[in-house]
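Peer 1:
There are 2 protein chains.
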Amino acid sequence: MPDTIDSIETPAFVVSETIARRNIRALQDHCDRVGLRLRPHIKTHKLIRFAKAQVAAGAKGITCQKIGEAEVMAEGGLDDILITYNILGSAKLARLRALSDRLTRLAVTADGQAVVTGLSAAFADAPRPLDVLVECDTGGRRCGVQTPEEALALARGIAASPGLRFGGLMTYPAAGGAREAAGFLRAARGLLRENGLDCPTVTSGGTPDMWASEAADILTEYRAGTYIYNDRSLVKRGTCGWEDCAGQVLATVVSMPTPDRAVIDAGSKVLSSDLLGLTGHGHVMGHPEIQITGLSEEHGVLAVDPARPLQIGQRLRIVPNHVCVVSNLFDRIWIEGADGSLEQVPVDARGRVT
Amino acid sequence: MPDTIDSIETPAFVVSETIARRNIRALQDHCDRVGLRLRPHIKTHKLIRFAKAQVAAGAKGITCQKIGEAEVMAEGGLDDILITYNILGSAKLARLRALSDRLTRLAVTADGQAVVTGLSAAFADAPRPLDVLVECDTGGRRCGVQTPEEALALARGIAASPGLRFGGLMTYPAAGGAREAAGFLRAARGLLRENGLDCPTVTSGGTPDMWASEAADILTEYRAGTYIYNDRSLVKRGTCGWEDCAGQVLATVVSMPTPDRAVIDAGSKVLSSDLLGLTGHGHVMGHPEIQITGLSEEHGVLAVDPARPLQIGQRLRIVPNHVCVVSNLFDRIWIEGADGSLEQVPVDARGRVT
Numbered sequence: 001m002p003d004t005i006d007s008i009e010t011p012a013f014v015v016s017e018t019i020a021r022r023n024i025r026a027l028q029d030h031c032d033r034v035g036l037r038l039r040p041h042i043k044t045h046k047l048i049r050f051a052k053a054q055v056a057a058g059a060k061g062i063t064c065q066k067i068g069e070a071e072v073m074a075e076g077g078l079d080d081i082l083i084t085y086n087i088l089g090s091a092k093l094a095r096l097r098a099l100s101d102r103l104t105r106l107a108v109t110a111d112g113q114a115v116v117t118g119l120s121a122a123f124a125d126a127p128r129p130l131d132v133l134v135e136c137d138t139g140g141r142r143c144g145v146q147t148p149e150e151a152l153a154l155a156r157g158i159a160a161s162p163g164l165r166f167g168g169l170m171t172y173p174a175a176g177g178a179r180e181a182a183g184f185l186r187a188a189r190g191l192l193r194e195n196g197l198d199c200p201t202v203t204s205g206g207t208p209d210m211w212a213s214e215a216a217d218i219l220t221e222y223r224a225g226t227y228i229y230n231d232r233s234l235v236k237r238g239t240c241g242w243e244d245c246a247g248q249v250l251a252t253v254v255s256m257p258t259p260d261r262a263v264i265d266a267g268s269k270v271l272s273s274d275l276l277g278l279t280g281h282g283h284v285m286g287h288p289e290i291q292i293t294g295l296s297e298e299h300g301v302l303a304v305d306p307a308r309p310l311q312i313g314q315r316l317r318i319v320p321n322h323v324c325v326v327s328n329l330f331d332r333i334w335i336e337g338a339d340g341s342l343e344q345v346p347v348d349a350r351g352r353v354t
Numbered sequence: 001m002p003d004t005i006d007s008i009e010t011p012a013f014v015v016s017e018t019i020a021r022r023n024i025r026a027l028q029d030h031c032d033r034v035g036l037r038l039r040p041h042i043k044t045h046k047l048i049r050f051a052k053a054q055v056a057a058g059a060k061g062i063t064c065q066k067i068g069e070a071e072v073m074a075e076g077g078l079d080d081i082l083i084t085y086n087i088l089g090s091a092k093l094a095r096l097r098a099l100s101d102r103l104t105r106l107a108v109t110a111d112g113q114a115v116v117t118g119l120s121a122a123f124a125d126a127p128r129p130l131d132v133l134v135e136c137d138t139g140g141r142r143c144g145v146q147t148p149e150e151a152l153a154l155a156r157g158i159a160a161s162p163g164l165r166f167g168g169l170m171t172y173p174a175a176g177g178a179r180e181a182a183g184f185l186r187a188a189r190g191l192l193r194e195n196g197l198d199c200p201t202v203t204s205g206g207t208p209d210m211w212a213s214e215a216a217d218i219l220t221e222y223r224a225g226t227y228i229y230n231d232r233s234l235v236k237r238g239t240c241g242w243e244d245c246a247g248q249v250l251a252t253v254v255s256m257p258t259p260d261r262a263v264i265d266a267g268s269k270v271l272s273s274d275l276l277g278l279t280g281h282g283h284v285m286g287h288p289e290i291q292i293t294g295l296s297e298e299h300g301v302l303a304v305d306p307a308r309p310l311q312i313g314q315r316l317r318i319v320p321n322h323v324c325v326v327s328n329l330f331d332r333i334w335i336e337g338a339d340g341s342l343e344q345v346p347v348d349a350r351g352r353v354t
């Protein structure tokens with residue numbers, strides 16, 4: 001008997017292939033239209049099949065945050081990877097070098113000379129130089145050089161380092177900070193040009209601002225991850241609608257202790273505690289009146305309208321606040337076909353923490 | 001060359017076996033002293049080795065929240081398991097029945113007749129009845145019957161159901177709600193006795209209140225999970241000290257973008273976003289001046305004192321806010337011996353969501 005949405009065990013993570021492929025297509029079309037190369041971040045799906053689908057749709061390559069993710073993707077046949085992370089330490093540098101030898105193109109980012117020194121030591125005798133982009137803190141207040149002048153200094157350091165090639169500028173802007181990011185990047189690229197340094201790539205990212213074009217004149221590449229599945233945080237920002245949310249958690253009502261409270265079998269172990277500034281822990285499809293008010297590890301507590309009671313055993317589809325982390329919480333997920341068929345697949349790059 | 005705390009890749013989850021075993025001993029001694037059976041919740045460690053250590057130290061059996069966890073523990077030789085969850089649906093009921101046949105004792109909880117009806121259908125022809133405890137909502141506002149009268153009615157329903165045996169009363173009280181819980185349980189047990197129903201077990205749980213003895217006269221059994229590793233939330237509540245925190249995340253400083261900001265390679269993918277009412281995302285051992293102000297999936301942002309700067313590549317040990325969820329985020333963890341030796345072990349019951 002084939003698996004159906006009513007027969008699979010819950011909690012489960014169900015991804016609509018139709019919606020995911022429509023989302024892939026929509027952003028690729030947008031990037032093609034505005035002249036940006038698209039380099040999707042695979043952290044959201046962590047699946048070789050969807051990384052390949054993104055490249056087949058026209059993406060230049062993929063973005064990973066961890067060497068472990070990139071290793072899985074390389075194993076799956078992806079051959080142009082940007083790791084947007086400071087890689088440090090002998091073990092990781094050795095893995096990075098081995099990875100480079102398997103790929104058509106590998107690039108990483110750096111935001112300080114200590115990182116560049118380590119990369120150079122690992123790649124000085126490499127058959128092919130490693131592309132290193134300078135990460136710029138354009139308002140996101142995470143990693144990154146703080147000024148265009150620092151970006152220039154680090155780019156010079158990269159260009160002067162054996163085994164490395166300066167690959168350009170990278171930023172992950174604050175949400176809504178596309179304009180501020182563009183200003184920083186313009187100034188940095190100007191300084192680079194004045195000093196005779198070619199800047200082949202200027203790359204920014206983030207699904208929330210992917211439709212914004214303020215920065216498109218300076219950017220050559222865009223990295224977005226969440227857009228393939230979308231989530232409650234993006235609906236609340238107005239980036240997409242509920243009908244664009246491909247990744248949903250299927251849960252079962254396991255208790256109705258009071259007329260205004262239901263408990264489901266999806267807690268923080270599958271939905272995560274990520275709030276992303278929101279109140280509540282997800283959106284119950286078809287039940288806008290329900291609030292997911294609390295999560296413990298294996299329980300979700302719902303405030304329900306007594307006039308619209310739920311039934312014990314009833315199944316609910318939930319759009320999580322932050323879908324990327326949900327992918328990392330399931331060993332296996334279900335891919336739902338256009339005909340309602342369900343295929344269970346392992347999450348290839350789940351749990352790659354290093 | 002043996003692995004050392006300086007050589008293993010980060011982020012890593014490192015558990016001190018010395019501290020974990022001391023914590024196991026301390027609570028077992030307490031329970032022995034006050035005359036409570038201890039039934040540790042394995043959700044915190046998810047390891048067969050520590051479940052066995054808890055039983056070897058004197059625990060009556062173990063508690064699991066999911067059938068999947070219990071299946072792993074049964075495979076590892078644990079033979080007395082309480083699953084504190086409403087088990088629903090034909091697939092899960094079939095697994096529960098199969099699990100029961102492998103164990104010396106299996107018990108579950110229920111908080112409504114619909115759950116009891118399902119359990120009875122699955123166990124009506126079982127060679128041995130299933131013990132079913134009534135879950136009571138004594139203030140935790142999650143699952144559970146709402147009044148002692150409802151507890152009596154459900155206990156009668158269980159006792160009258162083929163294949164089931166009424167096993168007693170179970171609660172997971174609100175933090176600090178031990179006294180309120182005891183009042184509910186006393187009233188419920190009184191009603192049961194008046195109506196000729198034996199109540200073999202009265203079980204409560206939660207590490208925060210494990211040293212409180214207000215309820216000890218009514219309780220026969222205690223379930224605690226987090227006490228084996230402890231975490232920042234428990235230190236902040238005064239339940240333990242930093243020196244009792246056996247489970248720590250080892251992270252590396254990957255960036256120092258400004259004198260007052262450092263970035264580590266541990267984000268929500270390893271520390272989780274659980275706040276448990278706290279501000280900040282963990283405690284950096286030896287650095288009380290540092291605040292972990294923000295997490296994204298692969299980055300932790302630290303507010304540091306410019307007068308006490310960190311170095312790129314420096315390793316930090318972090319006590320997470322909520323250690324149980326950290327166990328679920330690592331495929332493999334490191335057990336640190338008294339001599340500083342490190343052994344890498346898989347987290348046996350990680351990711352068992354169903």
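One line per chain: the protein sequences are V and H, in this order.
Take the first sequence: its letter number 141 is residue 141 in the UniProt record's numbering, and every next letter is one higher.
Take the second sequence: its letter number 36 is residue 36 in the UniProt record's numbering, and every next letter is one higher.
Glycine included, every Cβ here is placed at the ideal spot set by N, Cα and C.
For clarity, every value in this text was computed on a predicted model and none was experimentally measured.
#1: Note down the Cα distance separating H/G35 from H/G68, rounded to an integer number of angstroms.
#2: What separation, rounded to the nearest whole angstrom, lies between the Cα atoms of V/R37 and V/C31?
#3: Fully enclosed by the segment 23-73 of chain V, which beta strand (DSSP E) runs are 3 residues long or longer?
#4: Anything in the segment 142-165 of chain H with a Cβ closer than 9 Å to a Cβ of chain V? List those residues in chain order, please.
#5: Could you give the distance in angstroms between the alpha-carbon of V/T246 and the alpha-carbon of H/K66?
#6: Beta-carbon within less than 7 Å of V/A159's beta-carbon, same chain only, minus the 5 sequence neighbours each way: which residues are those?
#7: When DSSP labels each residue in this structure, what does H/V145 get in the three-state scheme?
#8: Is there a Cβ from chain V that is less than 8 Å from the Cβ of H/F330?
#9: Can you pull the DSSP bridge partners for V/L133?
#10: What would DSSP say about V/A303, mapped onto helix, strand or coil?
#11: Does the count of Cβ pairs from the segment 312-328 of chain H and the segment 268-287 of chain H closer than 8 Å reach three?
#12: Residues of chain V with a CB under 8 Å from the CB of H/A94: which are they?
#13: For H/T252, which of helix, strand or coil comes out of DSSP?
#14: Give the straight-line distance between the Cα atoms of V/V55 and V/G61, rounded to the nearest whole angstrom.
#15: For the alpha helix (DSSP H) holding H/L185, just list the boundary residues, first then last.
#16: Do the segment 251-261 of chain V and the segment 334-353 of chain H meet, that is, are 3 or more Cβ pairs less than 8 Å apart?
#17: Please state if the CB of V/R128 and the CB of V/L82 are separated by a distance shorter than 8 Å.
#18: Against chain V, does H/H299 count as a neighbour if the rule is that its beta carbon must be under 8 Å from one of theirs?
#19: May I have the straight-line CA-CA distance separating H/S327 from V/R232, to the nearest angstrom?
#20: Sort out for me which residues DSSP pairs V/W334 with in a bridge.
#21: Are the CB atoms of H/D331 and H/T10 nearer to each other than 8 Å?
#22: Nearest to H/A303 by CA position, among V/R141, V/V254, V/L302, is which residue?
#23: Roughly how many angstroms separate the alpha carbons of H/L96 and V/S296, rounded to a whole number?
#24: Do V/A216 and V/T18 have their beta-carbon atoms positioned less than 8 Å apart in this structure?
#25: Would you verify that the beta carbon of H/C31 is, or is not, closer than 8 Å to some beta carbon of chain V?
#26: CB-CB under 7 Å to V/L99, same chain, minus the five flanking residues each way: which ones, in chain order?
#27: Determine the closest residue to H/G176 out of H/E135, H/G139, H/R223, H/E149, with distance taken between C-alpha atoms.
#28: Let me know if residue 361 of chain H comes out buried or exposed under the rule of 16 or more other beta-carbons within 10 Å of its beta-carbon.
Peer 2: Short version:
#1: H/G35 and H/G68: Cα-Cα distance of roughly 31 Å.
#2: Roughly 6 Å separates the two Cα atoms.
#3: DSSP runs (the beta strand (DSSP E)) wholly in the segment 23-73 of chain V: 62-64.
#4: From the segment 142-165 of chain H, only R142, C143, G144, V145, Q146 have a Cβ closer than 9 Å to chain V.
#5: Here residue 246 of chain V turns out to be Ala, not Thr, going by the sequence shown. Taking the CA atoms as reference points, V/A246 sits about 27 Å from H/K66.
#6: Excluding positions up to five away in sequence, the list reads F166, L197.
#7: Strand at H/V145.
#8: For H/F330, the answer is yes, since a Cβ of chain V falls inside 8 Å of its Cβ.
#9: The partner list for V/L133 (beta bridge, DSSP) reads V/T109, V/G168.
#10: In this structure, V/A303 counts as strand in the three-state DSSP scheme.
#11: A contact is defined here as three or more CB-CB pairs under 8 Å, and the segment 312-328 of chain H meets this definition with respect to the segment 268-287 of chain H.
#12: Against chain V, the beta carbon of H/A94 has no neighbour under 8 Å; the closest one sits roughly 11 Å away.
#13: Assigned with DSSP and collapsed to three states, H/T252 falls in strand.
#14: Going by the C-alpha atoms only, they are around 6 Å apart.
#15: Looking at the DSSP string, the run of the alpha helix (DSSP H) that includes H/L185 is 178-194.
#16: No, the segment 251-261 of chain V does not touch the segment 334-353 of chain H.
#17: V/L82 is not a Cβ neighbour of V/R128, given a cutoff of 8 Å.
#18: Taking 8 Å as the threshold, the shortest C-beta distance from H/H299 to chain V falls below it.
#19: Approximately 27 Å, taken between the alpha carbons.
#20: Under DSSP, V/W334 shares a beta bridge with V/V14, V/Q344.
#21: Contact: no.
#22: Per the C-alpha coordinates, the member of V/R141, V/V254, V/L302 positioned closest to H/A303 is V/R141.
#23: So the alpha carbons of these two residues sit roughly 23 Å apart.
#24: Going by C-beta atoms, V/T18 is not nearer than 8 Å to V/A216.
#25: Among the CB atoms of chain V, none fall inside 8 Å of the CB of H/C31.
#26: Excluding residues within five positions, the ones whose Cβ falls inside 7 Å are I67, A70, E71, A74, L106.
#27: Nearest to H/G176 by C-alpha distance, out of H/E135, H/G139, H/R223, H/E149, is H/G139.
#28: No information on residue 361 of chain H is available, as it lies outside the stretch 1 to 354 that chain H covers here.
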